[in-house]
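Before any comments, here is the structure.
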Amino acid sequence: MFANFMRRGEAALAAGALALMLLLPLLEIALRPLFGVGIANAPAFVQHAGLVLAMAGALVAARGGHLSTLGAGFAAATDPRRRGAAQAYAALATGLFCGMLAQASWTFVAAEMAVPRAIAYGIPGWWFMAALPAGFLLLGVRLAARLPGAASWRWLAAGALPALGWWFAGHYDGSVLALWPFAAALLLLLLCGAPVFAVLGGLALALFWSEGQPLAAVPLSHYQITVNPSLPALPLFTLAGLVFARTGAAARLGALFTALFGGGARGTAIAAAVLCSCFTALTGGSGVTILALGGLLLPLLVGAGFPERRGIGLVTSASALGVLLAPSVPLIMYAIIARVPINAMFLAGVLPALVMVVFLLLVGGFLKRDGLAPAALAGGVDFAAARRAAWAAKWEILAPLVAVGSLVGGWATPTESAALTAAYALLTQSLLLREIDARGIARALVECAQVIGGIMLILGMALGLTNYLVDAGIPDLAIDGVQSMLPDKWTFLIALNLFLLLAGALMEIYAAIVVLVPLLLPVALAYGIDPIHFGIIFLANLEMGFLCPPAGMNLYFSAAMFGKPVREIAASVLPALLAIFLGALTLSLLPFLSTALPDWLLGAQAR
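Anchor point for the sequence shown: position 213 equals 214 in this note's numbering, and the numbering is continuous, going up by one each time.
This is the structure in structure tokens:
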């Protein structure tokens, strides 16, 4: 009874915060033309609602087992004793670390309570900030309860482990503790399949302990990134994508692209690659694209004469390419971290995304004749079918124009543009097409909260780690070290691509953005590389991370979708990996592909 009450309460709190984040920007847009002003401090309310959404969504994600890991590791061992030991260690350590994060968060909130600051209308900010210690404490209870054994033992540990972590952090806050025991414990924790946020947060705490600095710096970083003025765009664009993914939008767009590019294996392959890229940008996740389009596109490819393995490789790899297209979440995330205009990044990704699709199809071998029957190569554009499909998919076709047009046009902020896009998706799919009802909308709200909660935990903990590295002067050391080894810009660009290929395979994409961009961007600037060009290079390389184990989530989604072993999926995308790498290298060496559209439409000075 109590567990069910908690589950419903977490979901309702997360969905309510997301609904508030959607409604307030829409009211701002409506009120400004009428009264000249909007709601006082509405952006601050939206940003702090994002903090509540992040923590409540993380609890929903933890309950469903959706917190990101780098794979099960030892927790998936065939030996039951080894598997049980790994699961026990992961539950024990995450419970402890969450307790430490909860205590550090309480120290941060207590400082705010001592000198309260009102957001608006006399409402103090610490009311929202209290979600941090409460959220981490409940996360610790939930994750510690995964200990193997009897229920009574598990719930005893669930209460004791976060409490022990709380006491330890409070007792030793400000003390100087050795780094290596924490580092060893965290490495083992990562190998045991623990959530990435716990490892990043634990490492950030350990680094601050090693210098005797206050631990409240870690939750402060989590708070800072959560209430970033541009960050509410992430959950709102994600909500729009999830609404489209829950309706027949994928089938309508599939019919349109297939008709536009003609029949036969080649036409269907081009249609599949373009559709997967666009749908990933629209939905915000390549895994969502595989699940939404895989069952539709693979039969089309096979029916057109495509070998099944090559078809699986195409769907899996093309779903990663939407990262460069607006309004993809990583594209927005880079703009926030690098402090460049979001509308400039939206424009910058258009030509590079097209280049990457061309490389995938040509260099990846998805258009070659080998293994195809001569009849499979036939086919042409069906203009009548394309007109019918375009009319059927008119609402989906207009969605990117709403998102990009309102932002590039300058009459909506990033948050307002995202709110407009989410409202557009909800209205067209529920009222006009009647393909999603109130229950479906509620499920989309909760699913969005779950996705964003997991992402925000990683971002907050990664930013705490990054802030330590920046304070320690690591970027300056990196500039000196890299320039001494790589004397010219072109050598640096080649080395950068190789490094990012490795980083993408080992790091979750959002953690990579938050940790690596503040370290690598100053180095790139020292070589005279435009920050927008660097962002395209960075994201193009991280697209490969979706296809490389152990962090390549597309492999696992495809294995589940198509019922194939992960090893077979990984083999099917090897040609695509080479193609994407060469495409990223081309984008690195030809900066005008990234900067031409922003300079033309926005102007170099304006952006």
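The beta carbon of each residue, even a glycine, is placed where N, CA and C say it ideally should be.
Contact check for THR317 against SER69 fails: the beta carbons are separated by 8 Å or more. Taking a contact as a CB-CB distance under 8 Å, the pair GLY306 and ALA577 does not count as one, their CB atoms being some 20 Å apart.
Within the model, the alpha-carbon separation for ARG267 versus LEU590 is close to 29 Å. Apart from sequence neighbours up to five positions away, the residues of its chain that approach ALA390 with a beta-carbon distance below 6 Å are ALA256, LEU257 and ALA260, ordered along the chain. Contact between LEU460 and ILE226 is confirmed by a C-beta separation of about 5 Å, below the 8 Å threshold. Per DSSP, ILE120 is not a residue of any alpha helix (DSSP H); the beta strand (DSSP E) it occupies stretches across 119-121. In this structure, GLY203 sits near LEU187, with a CB-CB distance shorter than 8 Å.
DSSP places ILE538 in the helix class (H, G or I) of the three-state scheme. For ILE313, the three-state secondary structure derived from DSSP is helix.
The DSSP-derived three-state label of ILE124 is strand.
Scanning its chain for C-beta atoms nearer than 6 Å, with the 5 sequence neighbours on each side dropped, one finds around PHE347 the residues ALA327 and VAL405, in chain order. For ASP477, the enclosing alpha helix (DSSP H) has its first and last residue at 475-486. Comparing alpha carbon positions, the residue from GLY584, ALA12 and LEU470 closest to VAL219 is LEU470.
In the three-state reduction of the DSSP assignment, SER431 falls in the helix class.
By the Cβ-count criterion, PHE367 is buried, with 16 or more other Cβ atoms from all chains shown falling within 10 Å of its own Cβ.
Looking at the backbone, the Cα of ARG435 and that of GLY584 are separated by about 41 Å. Short of 6 Å from the beta carbon of ALA525, and not among the five residues preceding or following it, lie these beta carbons of its own chain, in chain order: PHE535. Straight through space, the alpha carbons of GLY96 and ALA170 are spaced by roughly 13 Å.
Taking all protein chains shown into account, GLU29 has 16 or more neighbouring C-beta atoms within 10 Å of its C-beta and is therefore buried. DSSP places CYS99 inside the alpha helix (DSSP H), whose first and last residues are 81-115. PRO233 sits close to THR416, with the two beta carbons spaced by under 8 Å.
Within the model, the alpha-carbon separation for GLY441 versus MET22 is close to 19 Å.
Classified as buried, PRO26 has 16 or more neighbouring CB atoms from the shown chains inside 10 Å of its CB. Distances from the alpha-carbon of PRO236 to those of VAL47, GLY194 and GLY474 put VAL47 closest. Put simply, of LEU52, GLY65 and VAL403 the residue whose alpha carbon is nearest the alpha carbon of PRO230 is LEU52. Here the alpha carbon of LEU254 sits roughly 18 Å from the alpha carbon of GLY312.
Only residues of its own chain outside the window of five on either side were considered, and among them none has a CB closer than 7 Å to the CB of ARG82.
Classified as exposed, GLU212 has fewer than 16 neighbouring CB atoms from the shown chains inside 10 Å of its CB.
Its chain contains ALA513 and LEU517 as the residues whose beta carbon lies nearer than 7 Å to that of ALA504, once the 5 sequence neighbours on both sides are disregarded; these appear in chain order.
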